[in-house]
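The listed protein sequences derive, respectively, from chains Y and D.
Start counting the first sequence at 657; every next residue gets the next number (this note's numbering).
Start counting the second sequence at 657; every next residue gets the next number (this note's numbering).
Notes to accompany the following structure.
Protein chains: 2
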Amino acid sequence: MRLSTKGRYAVTAMLDLALNGVDGPVTLAEISENQGISLSYLEQLFASLRAKELVRGVRGPGGGYYLGRGADDISIANIICAVDEWVEFTRCGGRKNCSGGERCLTHSLWDDLSSEIFDFLTKISLGDLIRRGEHKKADKAAHLSVVNDEGSRAA
Amino acid sequence: MRLSTKGRYAVTAMLDLALNGVDGPVTLAEISENQGISLSYLEQLFASLRAKELVRGVRGPGGGYYLGRGADDISIANIICAVDEWVEFTRCGGRKNCSGGERCLTHSLWDDLSSEIFDFLTKISLGDLIRRGEHKKADKAAHLSVVNDEGSRAA
DNA sequence: ACATTTCCTACTAATTTACTTGGTAATAAG
DNA sequence: CTTATTACCAAGTAAATTAGTAGGAAATGT
Numbered sequence: 657m658r659l660s661t662k663g664r665y666a667v668t669a670m671l672d673l674a675l676n677g678v679d680g681p682v683t684l685a686e687i688s689e690n691q692g693i694s695l696s697y698l699e700q701l702f703a704s705l706r707a708k709e710l711v712r713g714v715r716g717p718g719g720g721y722y723l724g725r726g727a728d729d730i731s732i733a734n735i736i737c738a739v740d741e742w743v744e745f746t747r748c749g750g751r752k753n754c755s756g757g758e759r760c761l762t763h764s765l766w767d768d769l770s771s772e773i774f775d776f777l778t779k780i781s782l783g784d785l786i787r788r789g790e791h792k793k794a795d796k797a798a799h800l801s802v803v804n805d806e807g808s809r810a811a
Numbered sequence: 657m658r659l660s661t662k663g664r665y666a667v668t669a670m671l672d673l674a675l676n677g678v679d680g681p682v683t684l685a686e687i688s689e690n691q692g693i694s695l696s697y698l699e700q701l702f703a704s705l706r707a708k709e710l711v712r713g714v715r716g717p718g719g720g721y722y723l724g725r726g727a728d729d730i731s732i733a734n735i736i737c738a739v740d741e742w743v744e745f746t747r748c749g750g751r752k753n754c755s756g757g758e759r760c761l762t763h764s765l766w767d768d769l770s771s772e773i774f775d776f777l778t779k780i781s782l783g784d785l786i787r788r789g790e791h792k793k794a795d796k797a798a799h800l801s802v803v804n805d806e807g808s809r810a811a
């Protein structure tokens with residue numbers, strides 16, 4: 657299991673793409689600008705995303721990236737897997753010399769937990785996230801019309 | 657959000673501690689042996705775990721570590737937070753110049769997702785994991801009484 | 001032809017991970 | 001009281017990963 661800042665960048669970029677790519681492709685330069693991620697790092701991430709067909713690139717002027725498929729068909733797990741390898745839990749390689757011992761038990765417990773986290777992230781799609789964001793935006797607007805306060809302004 | 661191999665080591669070690677610490681403390685040397693983690697790295701991890709009072713150390717011969725509280729009162733999130741800092745999502749620092757823009761929207765979406773993953777891991781305790789493992793062990797034993805085969809004996 | 005953009009490779013600085021080394025402090029047992 | 005055992009502590013380090021730079025080549029719309 658792996659869920660690093662790299663995965664966060666990828667998810668963030670994909671969200672940006674889903675939000676801004678409704679009419680025409682989005683350039684990496686725009687995402688770089690929007691999200692504060694270096695262009696070349698985005699290129700690396702998008703190479704991975706493209707390999708898993710989560711995005712589709714269009715070259716030339718007016719080009720950029722589209723989502724590879726509908727936002728509802730792209731899970732967070734898909735995105736994180738694409739850039740973070742993931743796949744290899746502990747599993748003891750399935751054969752190491754921890755047959756039956758405590759080591760194998762704890763490893764399989766971690767393995768189960770990993771699978772569960774994976775399932776959890778598989779069930780959340782880009783589309784889900786965006787819709788929730790829209791709700792929240794609406795809620796926030798409703799709140800703002802009543803309570804005109806930022807709320808969080810800690811040091 | 658952060659969920660790296662470091663967190664995995666910590667969870668694995670805590671599982672080992674919970675499983676073997678039923679009658680008397682467990683030494684880091686034992687955990688090191690069981691789980692294949694270097695002693696000093698365990699010391700580092702346990703320094704963090706102890707700071708959050710997730711474990712309690714006893715010095716001297718016959719000493720070792722106890723869980724800081726019951727296995728049911730220690731969540732996976734507790735453990736990962738202790739060793740991985742976590743806490744700082746993107747949040748734009750709450751003030752950066754992305755007020756209202758796409759950047760802040762995507763960041764807050766990621767933020768929400770992080771919180772959700774956190775909640776998820778908060779609801780799973782060490783005790784939960786162990787009980788699941790016991791179920792699995794029982795299942796396995798039942799199987800073994802029928803199928804008398806190790807299964808995995810690859811090179 | 002030209003500007004734009006993806007696409008590709010190699011390199012690098014910074015950070016994190018995992019480990020090593022070399023201790024000190026507490027404490028149970030002889 | 002000495003000794004072995006253990007937690008505890010700090011500094012340093014090799015390896016891996018993260019994030020970014022640099023310098024292109026290959027498409028492609030204008």
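All C-beta atoms in this analysis are idealised placements derived from N, C-alpha and C, irrespective of residue type, glycine included.
Keep in mind the model is a prediction, meaning the values are calculated, not measured.
Tell me the DSSP bridge mates of residue i?
| i | result |
| --- | --- |
| LEU659(Y) | LEU659(D) |
| TYR665(Y) | TYR665(Y) is not bridged to any residue. |
| LEU782(Y) | DSSP lists no partner for LEU782(Y). |
| ARG759(Y) | DSSP lists no partner for ARG759(Y). |
| ARG712(D) | TYR722(D) |
Where do the ends of the alpha helix (DSSP H) carrying residue i lie?
| i | result |
| --- | --- |
| ARG812(D) | Residue 812(D) lies beyond the residue range present for chain D, which begins at 657 and ends at 811; the question has no answer from this structure. |
| VAL739(D) | 732 to 740 |
| ALA685(Y) | 684 to 691 |
With a threshold of 8 Å between beta carbons, is residue i in contact with chain D?
| i | result |
| --- | --- |
| THR762(Y) | yes |
| ASN780(Y) | Going by the sequence as given, residue 780(Y) is Ile instead of Asn. Taking Cβ atoms only, chain D reaches closer than 8 Å to ILE780(Y), which makes this a yes. |
| ARG816(Y) | Past the edges of chain Y, shown from 657 to 811, lies residue 816(Y), and the structure says nothing about it. |
| THR668(Y) | yes |
| ILE818(Y) | With chain Y covering only 657 through 811, there is no way to say anything about residue 818(Y). |
| SER696(Y) | no |
| LEU671(Y) | yes |
| ASP768(Y) | yes |
| LEU684(Y) | no |
| ARG664(Y) | yes |
| PHE776(Y) | yes |
| SER660(Y) | yes |
| LEU675(Y) | yes |
| LEU723(Y) | no |
| ARG759(Y) | yes |
| ASP740(Y) | no |
So, does the CB of residue i fall closer than 8 Å to a CB anywhere in chain Y?
| i | result |
| --- | --- |
| ASP729(D) | no |
| GLY692(D) | yes |
| PHE702(D) | no |
| SER771(D) | no |
| LEU765(D) | yes |
| ASN753(D) | Annotation note: pLDDT 48 at ASN753(D) (below 50); position unreliable, no value reported. |
Grab the span of the beta strand (DSSP E) containing residue i for me, first residue to last.
| i | result |
| --- | --- |
| LEU723(D) | 720 to 723 |
If we call anything under 8 Å between Cβ atoms a contact, is residue i one with residue j?
| i | j | result |
| --- | --- | --- |
| VAL667(D) | ILE773(D) | no |
| TYR721(D) | LEU673(D) | yes |
| ARG706(D) | GLY716(D) | no |
| LEU828(Y) | GLY663(Y) | In the structure as shown, chain Y starts at 657 and stops at 811, and residue 828(Y) therefore has no counterpart that could be examined. |
| ILE736(Y) | LEU659(Y) | yes |
| ALA738(D) | SER688(D) | no |
| LEU698(D) | ALA669(D) | yes |
| LEU710(Y) | ILE730(Y) | yes |
| THR762(Y) | LEU671(D) | yes |
| LEU695(Y) | ILE786(Y) | no |
| ARG759(Y) | GLY789(D) | no |
Q | Inter-stretch contact (C-beta, 8 Å, three-pair minimum) for the region 769 to 780 of chain D and the region 679 to 697 of chain Y | A | no
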